[in-house]
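Protein chains: 10
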Amino acid sequence: MISHRQQVTDMILSAKVLNNIQWSSVAQEIGLSKEWVTAACLGQMALNKEQAEKIGQIFNLSDEAVAWLQIVPYKGSLPTSVPTDPLIYRWYEVVNVYGSTIKELIHEEFGDGIMSAIDFSMDIQRESHENGDRVNVVLSGKFLPYKSY
Amino acid sequence: MISHRQQVTDMILSAKVLNNIQWSSVAQEIGLSKEWVTAACLGQMALNKEQAEKIGQIFNLSDEAVAWLQIVPYKGSLPTSVPTDPLIYRWYEVVNVYGSTIKELIHEEFGDGIMSAIDFSMDIQRESHENGDRVNVVLSGKFLPYKSY
Amino acid sequence: MISHRQQVTDMILSAKVLNNIQWSSVAQEIGLSKEWVTAACLGQMALNKEQAEKIGQIFNLSDEAVAWLQIVPYKGSLPTSVPTDPLIYRWYEVVNVYGSTIKELIHEEFGDGIMSAIDFSMDIQRESHENGDRVNVVLSGKFLPYKSY
Amino acid sequence: MISHRQQVTDMILSAKVLNNIQWSSVAQEIGLSKEWVTAACLGQMALNKEQAEKIGQIFNLSDEAVAWLQIVPYKGSLPTSVPTDPLIYRWYEVVNVYGSTIKELIHEEFGDGIMSAIDFSMDIQRESHENGDRVNVVLSGKFLPYKSY
Amino acid sequence: MISHRQQVTDMILSAKVLNNIQWSSVAQEIGLSKEWVTAACLGQMALNKEQAEKIGQIFNLSDEAVAWLQIVPYKGSLPTSVPTDPLIYRWYEVVNVYGSTIKELIHEEFGDGIMSAIDFSMDIQRESHENGDRVNVVLSGKFLPYKSY
Amino acid sequence: MISHRQQVTDMILSAKVLNNIQWSSVAQEIGLSKEWVTAACLGQMALNKEQAEKIGQIFNLSDEAVAWLQIVPYKGSLPTSVPTDPLIYRWYEVVNVYGSTIKELIHEEFGDGIMSAIDFSMDIQRESHENGDRVNVVLSGKFLPYKSY
Amino acid sequence: MISHRQQVTDMILSAKVLNNIQWSSVAQEIGLSKEWVTAACLGQMALNKEQAEKIGQIFNLSDEAVAWLQIVPYKGSLPTSVPTDPLIYRWYEVVNVYGSTIKELIHEEFGDGIMSAIDFSMDIQRESHENGDRVNVVLSGKFLPYKSY
Amino acid sequence: MISHRQQVTDMILSAKVLNNIQWSSVAQEIGLSKEWVTAACLGQMALNKEQAEKIGQIFNLSDEAVAWLQIVPYKGSLPTSVPTDPLIYRWYEVVNVYGSTIKELIHEEFGDGIMSAIDFSMDIQRESHENGDRVNVVLSGKFLPYKSY
Amino acid sequence: MISHRQQVTDMILSAKVLNNIQWSSVAQEIGLSKEWVTAACLGQMALNKEQAEKIGQIFNLSDEAVAWLQIVPYKGSLPTSVPTDPLIYRWYEVVNVYGSTIKELIHEEFGDGIMSAIDFSMDIQRESHENGDRVNVVLSGKFLPYKSY
Amino acid sequence: MISHRQQVTDMILSAKVLNNIQWSSVAQEIGLSKEWVTAACLGQMALNKEQAEKIGQIFNLSDEAVAWLQIVPYKGSLPTSVPTDPLIYRWYEVVNVYGSTIKELIHEEFGDGIMSAIDFSMDIQRESHENGDRVNVVLSGKFLPYKSY
């Protein structure tokens, strides 16, 4: 009996390691970005029927699991509010150290409002660099203004 | 008596509002990016002597305040571990929802290690878009590998 | 020296009590809803120049305070993450008890996405009722869909 | 052995996904609002015998599970005090940003007291809108005055 | 400048100690219970004009302070969510140890609903007892049923 | 293998729902108050041999479970330090809103000390009332004075 | 204006350092144990009139401060729920590591109940020891049994 | 498969209740204090081979479990940082209320340093008393001085 | 089905105790430091294929478990943010007590930046000492400077 | 009036920046390590009379401040339990990632016990390195064994 999406995420992770599947290959088969597809497999996005069935084939999932992939999950992928994993913590640190800066500069350019985390995309790329390669990430979010009413 | 950098940040914020100073103008006068300069003014980076003196002139600060700008501050710009401000929260949400995805994809590309938050830069730009302008942010951090020893 | 918007909110609250000013009257003078105007006076929204000057006259604020009213504030009006005040707690309780219900029903109707808290308005009205008057609140938020990319 | 209502909620969620059941259909069969019926199925309300039996038929539950549906549950549907799911967080954000405003306006209209979360109903509707459909929610709660004694 | 009710509570506490005023005497002058009057003086209830003026005379308060007594305060009188003071902690402990019991017994008697903390009164009395006097407290709250809708 | 009292509480709760047992009937069979007996069944009090055996018969427990009923449990019946269940939260709210009042009035009457939560009893009764029945609760705790030494 | 006992504690601490006063000397003048007297000076116990006046003379306090010493304070002397100071932390650690042991052994000897922290005394002594002197502390608390009712 | 010491503690607790074993008897068989032996059985101390085998016989443990008794456990016996159990909480309260006093008096006698929680012993005894028996506990810890270097 | 690295860590810990394996022997077989190898076995580092297979032989792991050893784990080895285990707490205490000192001295020597926890190694050694042997730990981390941009 | 050591630390920090004083120079004048002296100046260690007077001269402190330097402070130099400053966080991360490793290896070498944080010293040095200089830190703490009793 599956009653939480986490159970399906566990099945995917288990199959991924057993069969040495790459997220980028999965993304290619689905025909979407590796960022969105990985997030979906990790239980952060809902898939449509066709996508879910492909994922089911790739990871050898039951029909019940495939049905769950089409359900909108309870989102949030971190076990604690301040993440302990060093890679993820660095992102938390960027938000903490640069948070007030990001706020000031977006408001200076756009006025009161936010950068959407829904109408949003992310692109992670390796940049070759002689002093050591870099991780370059482009975050793109629609500006949503507060309006008086 | 100044005994915490926050006091200088308060002076800067007060002068900024009174005299309607723009962060982008400050950055231009310093000759560095608006992201780094704003973070420095908000107490997240240390300035060198020349930079501190220019900031002192722009915001009309005392010599004591200028001296404090050259001290490395205790960093972290948020009052709570989960930020309440909607603009900053969206960034926290991105880390929470996409955190496991970012981890998977960087490890798939680079192996075990992190994206540095120190050898790091950020660039925030407006992108015109017919459905509403977007905030585009490029984060660039050196990949730092864990090595066995 | 004003270095935080909270100081201006304190001035407004002090003047409001001293002079027995009603939020609904303030809203009428500004020509906007009582919900938005009150939120703005309480440091949750930024005012434009004209609005800020009117607020300045109503609450007898200094020019510096009026300048601060036009700055986007760090939002979040509650002193603790779980509010202790009984009136506000009831709203937190509604989110806690009905949170999973709201999520299920919006997803059933709209698919994956959220109800915006930015492109959002609120209207609070008294409804006469023979068993005791009721507080009726209409919340209206644009549906923002997650999209695959 | 069932010893917690959560076990029954899990059974309902599992059956719902397997058989692709809609909350609005369940509500129609019960003859009550979709908001109350969904909350009840998710373990936030107690059902009477007749309602529980109907729910038992719809979701194919055991007699023991049907008995548990008639027990008042320990309420609260969120795993953390600040919810991480973006849809539910937006509601938390509304309470945080507008909390002091809601308090001020209800007190201005009604005096000291609260808006009940018990003598309470909620109605969630789609509103068509040319700039994108909206989620409209009406919350109705009896005003309960504090009285001196 | 008074901008928070806590400032008035501080004035009352200061005057109470300086002039050795008893809460029971204050209650007698106001003509209400010592429980409600003390709570009001401690910033947990709003007073009407007449009551506020009497309190103003007793504690020698300014007009501004008297005006604040008529404002509904942000309630909650404890500095931490788990109180450290031994007397108050014992009450928290009662809620913790007997919480599930109270819930079971009220539901067994009344069905689903709550005991109101708004339509509520409290009476604290000394009971003489040969093994040591006892504190007897009567809590009375209206039962508010959840109703399906 | 039983290694925690919670396992026995789960057995009791399961049997109670299956066989529709009332706490007040259990109390009558034990010959003690419904408050103490319920608390004991919910894992907050230790039973003596005779009481445990009667409880074992009523709820059809194994000898091992009956042995565990006689062990002093680790007390505290709430899953979070601030309870989310509305009925229990109202009690937490009473402690929060009236905490400082309770402290002041007990000290005014008795001097420094506490109201015991150990030499303590509780009695919950329905009071008929024309405006809606009330829950009346009498708490009785021995006053324990601090003494200098 | 004194409105919190902490202000008096601050005066005492300031005078103690300026005039190099020893807690043991203060205790001798009051004629009580150093443990109780120190706790009282640090804002954890209420003094009677005579004791307060002596403390007032020793630490050169105003009449207002002396009046406050006779008020029962809000107790709890630690700034965080887990203390950071190494000396105090060791005591917290003892409670954490030995907590379940203490519980088991007191229940084995006395049955269900607690060791009172109110009818309680503490005696701290230096014990000479060839491997380094030891701190010996005797805690004495009345056993208070839970009783069924 | 045993992978955590807690599993062995659970086996010991289960056997203890089933066979009605007393900690003091266990201690006698081991030939050490009841305090240390109980702490060891509860997973807070490591046993040597001989001790572990005796414990294994007393509680009828497997060889694997006996092996685990000789592993140093991850210490800390409380499920929450502020304990909810009334008996253990009283000890937390003593640390909270008397914490600053203990610090002051140990420093006054010994200078800067701590009372060790490692080179430490505890002895819990019943003291007969006409007003009710008392729990007397002697804590003995080596004083460890901070030294400059 | 293995879906989390913790399951493999549990297998390793279980085999280690059953077969009395020493970390230093494991390190010797792998040919790396005991610090890195232990951290890897405890789920804090990713192993390469060869290393994982050797670990698999030593601890008798399945192929699936060996595959998981090569996956980068979610790092962080402590169950609570403030560790309760006395040995680990002492390290937390060093960071708390000496944290500001470490910050000041590294900045004084190197300017703004950090000591890397990624390009990092640790060496733990016993130092014989007549007053009791000492644990000597060398931490070595690359200095990473913040740079303006 | 000085009533907390933090006030003296603030005076020292203010004077340090104004007069551009180096911690290493202060240490040289005191004749002790820079680590201990800095910790003492930052309010984590108590100074003796001679040391305090020298510090008083260096930082131009009042006699009252010099007296406070000789008082044992309430230790702990971090504003939050998980530090936000990147440099200090890296140390917290080391404790988190390597915590279980440190525990395993010290126990493997020494048996049950801890590495003292009191009989402890720290030495921070720059190590030149062609790939970038390193921070080398030697931590030395006496091993303190748990003993059975």
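Chains as they are written, first to last, in full-length UniProt numbering: chain A, 1 to 149; chain B, 1 to 149; chain C, 1 to 149; chain D, 1 to 149; chain E, 1 to 149; chain F, 1 to 149; chain G, 1 to 149; chain H, 1 to 149; chain I, 1 to 149; chain J, 1 to 149. Each residue gets a CB set at the ideal place from its N, CA and C atoms; glycine is no exception.
With a cut-off of 8 Å on Cβ pairs, the region 17-36 of chain D is in contact with the region 114-132 of chain D, counting three or more such pairs. Considering only G141(G), E109(G) and D112(G), the residue with the shortest C-alpha distance to W91(H) is G141(G).
Residue environment analysis places M1(G) among the exposed positions, since fewer than 16 neighbouring C-beta atoms fall within 10 angstroms of its C-beta.
Scanning its chain for C-beta atoms nearer than 8 Å, with the 5 sequence neighbours on each side dropped, one finds around F143(G) the residues I106, F110, G113, I114, M115 and S116, in chain order. Under the Cβ criterion of 8 Å, E64(B) is not counted among the residues facing chain A. Between the C-alpha atoms of K16(E) and L47(G) there is a straight-line separation of about 17 Å.
Apart from sequence neighbours up to five positions away, the residues of its chain that approach L139(C) with a beta-carbon distance below 6 Å are M122, ordered along the chain. The C-beta of T84(D) comes closer than 8 Å to at least one C-beta of chain B. If you look at V97(B), you'll find it isn't in any beta strand (DSSP E); it sits in the alpha helix (DSSP H) that goes P86 to F110.
Assigned with DSSP and collapsed to three states, G76(B) falls in coil, not helix or strand. L69(E) sits in a helix when the DSSP states are folded into three classes. At least one CB of chain E lies nearer than 8 Å to the CB of A67(G).
Around the Cβ of S25(H), a 10 Å sphere holds fewer than 16 other Cβ atoms; the residue is exposed. Look at the region 88-104 of chain I: the residues with a C-beta under 8 Å from a C-beta of chain G are Y89, E93, N96 and V97.
Contact between the region 70-87 of chain B and the region 73-87 of chain C is present, with at least three C-beta pairs closer than 8 Å. Boundaries of the alpha helix (DSSP H) harbouring N19(C): R5 to N19, taken from the DSSP string. Residue-level contact check: M45(F) does not touch chain H, since none of the beta carbons of chain H fall below 8 Å from its beta carbon. Relative to T101(H), the option among W23(J), V72(J) and Y89(J) whose CA is nearest is V72(J). Counting other Cβ atoms within 10 Å of its Cβ, E104(G) reaches 16 or more and is therefore classed as buried. Under the three-state reduction of DSSP, G43(I) is assigned to coil, being neither helix nor strand. Contact annotation: in the region 6-36 of chain I, residues whose CB is within less than 8 Å of a CB in chain J are Q22, W23, S24, K34 and E35. Within the DSSP secondary-structure output, F120(G) pairs in a beta bridge with G141(G). Within its own chain, the residues whose Cβ lies closer than 8 Å to the Cβ of N136(J), once the five positions on either side in sequence are excluded, are I124, Q125, R126 and E127, listed in chain order. Per the coordinates, the alpha-carbon of Y146(I) lies some 18 Å from the alpha-carbon of Y89(A). Against chain J, a Cβ distance below 7 Å from V72(H) picks out H107 and D112. DSSP lists L144(E) as the bridge partner or partners of I114(E). Within 10 angstroms of the beta-carbon of E93(A) lie 16 or more other beta-carbons, which makes it buried. CA-CA distance, T9(F) to E50(D), rounds to 28 Å. Here G132(A) is exposed. Its C-beta has fewer than 16 other C-beta atoms within 10 Å.
The C-beta of Y149(D) has fewer than 16 other C-beta atoms within 10 Å across all chains shown, which makes the residue exposed. For E29(C), the closest alpha carbon among the candidates L42(C), E53(C) and H129(C) is that of E53(C). Across the structure, A27(A) and N20(A) are spaced so that their CA atoms are roughly 15 Å apart. Taken atom to atom, the span from the alpha-carbon of V97(E) to that of L61(F) is near 23 Å.
Residue-level contact check: S116(E) touches chain D, since one or more beta carbons of chain D fall below 8 Å from its beta carbon.
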